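Right, one structure below, let's go through it.
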Amino acid sequence: MDQPKSVKVLTFYPEKCTGCKDCEKACSNVHFKTKDGGEQSALRIIKKGKRYDMHVCDQRGLCLDICPVGALTRRKNGVVWLDTKICIGCQACVGFCPIGAMRTSKVRIEPFKCISCGACVRACPEQALELVEKKVASISQVVYHKQGVSPS
Ligand code: SF4
Ligand code: SF4
Numbered sequence: 033m034d035q036p037k038s039v040k041v042l043t044f045y046p047e048k049c050t051g052c053k054d055c056e057k058a059c060s061n062v063h064f065k066t067k068d069g070g071e072q073s074a075l076r077i078i079k080k081g082k083r084y085d086m087h088v089c090d091q092r093g094l095c096l097d098i099c100p101v102g103a104l105t106r107r108k109n110g111v112v113w114l115d116t117k118i119c120i121g122c123q124a125c126v127g128f129c130p131i132g133a134m135r136t137s138k139v140r141i142e143p144f145k146c147i148s149c150g151a152c153v154r155a156c157p158e159q160a161l162e163l164v165e166k167k168v169a170s171i172s173q174v175v176y177h178k179q180g181v182s183p184s
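Just so we're aligned, residue 33 is where the sequence shown starts under the working numbering, counting upward by one.
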């Protein structure tokens, strides 16, 4: 399959955020049908002094080759996708992600991550979140190659 050329990456404008966490609630609703937010959300709003920071997958795809069963792929829309039907819950991607953006939950063995669905963007009353289109070539990085597979 041809590499997707672009991907929407969740982007945060801290000067606009009030810390209401409506974005987290919208995210947990997408992934687990609960508005609890927090650990059930792929994005997290973190208080930093008087401001807030946002932590989420940047869609670089460093984890793509670490999965032993091929459950992680870059979809046509460029998003790094975890297929729960293929995943065996080994947690290798969770330990490997250098920014800690592959999340675990108490309700299932398979991890989860941001899928750039935009639910948080729509939920934010302050327009503090945006899905920004980026070139895959400009963000993707490979730090690990499966044995016998040459970098392309
Ligand atoms: S919904 Fe918007 S304002 Fe509220 S915490 Fe999330 S980013 Fe900040
Ligand atoms: S937890 Fe699932 S997606 Fe992650 S590396 Fe293991 S099998 Fe692959």
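We put the CB at the ideal spot given by N, CA and C, even for glycine. If you're wondering where the values come from, they're calculated on a predicted model, not measured in any experiment.
Flag this pair as yes or no: are the beta carbons of Ala74 and Pro100 separated by less than 8 Å?
As a first step, residue 74 must be located in the sequence shown, where it is residue number 42. As a first step, residue 100 must be located in the sequence shown, where it is residue number 68. Going by C-beta atoms, Ala74 is not nearer than 8 Å to Pro100.
In angstroms with no decimal places, state the Cα-to-Cα distance between Val168 and Glu142.
If you number the sequence shown from 1, residue 168 lands on position 136. If you number the sequence shown from 1, residue 142 lands on position 110. Roughly 25 Å between the two C-alpha positions.
Can Val139 be considered in contact with ligand 2, in the sense that its beta carbon sits closer than 7 Å to one or more heavy atoms?
Taking the first residue of the sequence shown as position 1, residue 139 is located at position 107. For ligand 2, not one heavy atom lies less than 7 Å from the Cβ of Val139.
Compute every distance between the C-beta of Pro143 and the non-hydrogen atoms of ligand 2, then say whether any falls below 7 Å.
In the sequence shown, counting from the first residue as 1, residue 143 sits at position 111. Yes, the beta carbon of Pro143 sits closer than 7 Å to at least one heavy atom of ligand 2.
Output the boundary residues of the beta strand (DSSP E) element that contains Asp54.
Here the question's residue 54 lines up with position 22 in the sequence shown. Element bounds for Asp54: not the beta strand (DSSP E) but the alpha helix (DSSP H), Asp54 to Phe64.
Three-way DSSP call (helix, strand, coil) for Lys48 in this model
Along the sequence shown, one-based indexing puts residue 48 at 16. Note: Lys48 maps to helix in three-state DSSP.
Counting only the same chain and skipping the five closest in sequence on each side, list residues whose C-beta sits under 6 Å from that of Cys119.
As a working mapping, residue 119 is identified with position 87 in the sequence shown. Ala103 and Glu142, listed in sequence order.
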